[in-house]
Amino acid sequence: DAGVIQSPRHEVTEMGQEVTLRCKPISGHNSLFWYRQTMMRGLELLIYFNNNVPIDDSGMPEDRFSAKMPNASFSTLKIQPSEPRDSAVYFCASSFAIPHTDTQYFGPGTRLTVL
Amino acid sequence: RKEVEQDPGPFNVPEGATVAFNCTYSNSASQSFFWYRQDCRKEPKLLMSVYSSGNEDGRFTAQLNRASQYISLLIRDSKLSDSATYLCVPSHALNFGKGTSLLVTP
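Note that the protein sequences, when read in sequence, are chains Z and F.
Its first residue numbered 486, the first sequence is counted upward by one per residue in my numbering.
Its first residue numbered 59, the second sequence is counted upward by one per residue in my numbering.
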């Protein structure tokens, strides 16, 4: 299995630009998670989906962030407009079951720099 | 209140030493836990699951103290390759926090 796939691996953009991060979960997994990691705040959950439905988006910082999961094999996280404080590593993870019972498998992350 | 609290470290230990760090949790109903390991500039990966009082896997031992609401990770005979950040998370929680940084030196 290829594992969780994320693209791009690195993104450098200017403040105000739209940024779209992409994730392909492991085939057969029905839960998908988006995380943001910074030195200051650690690894924070932004949103998670179960069977393509958003279950908890309380971690989404503000309206500039949006996430979609149009099908079981693809999800996007969009930031519009981006700001320098959005600079972080964004991880996507998937698991076979609901989070309470199963291991999460993380993708390699997207390192975002907003200038 | 945060779901878990960990000493961020860094813990600097010589190769071959035994090192332990704790993770305290706030929800007394937490039943199971995970320890993840994250290497520098890499993604977190599962190290160990803890579903009862503890778990052991080679040089790694996790122990759960429900009365005091903490889970510990013990690493024996530490190797240079153990240098990483260790993150604990209750199975019901999804915020990992900052973890504990371990540096094993020659």
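Each residue gets a CB set at the ideal place from its N, CA and C atoms; glycine is no exception.
R95(F) sits buried, since 16 or more C-beta atoms from the chains shown fall within 10 Å of its C-beta. With its beta carbon at least 8 Å from every one in chain F, F559(Z) lies outside the interface. Under the Cβ criterion of 8 Å, T588(Z) is counted among the residues facing chain F. CA-to-CA, the gap between P102(F) and T143(F) works out to about 9 Å. DSSP places L152(F) in the coil class of the three-state scheme, outside both helix and strand. Distances from the CA of R117(F) to each of I133(F), K100(F) and I129(F) were compared; the closest alpha carbon is that of I133(F).
Under DSSP, the beta-bridge partners assigned to K563(Z) are T505(Z) and S551(Z). Closer than 8 Å to the CB of E529(Z) there is at least one CB belonging to chain F.
Look at R521(Z) here: in three-state DSSP terms it is strand. Any Cβ of chain F closer than 8 Å to the Cβ of G501(Z) would place that residue at the interface, and such an atom is absent.
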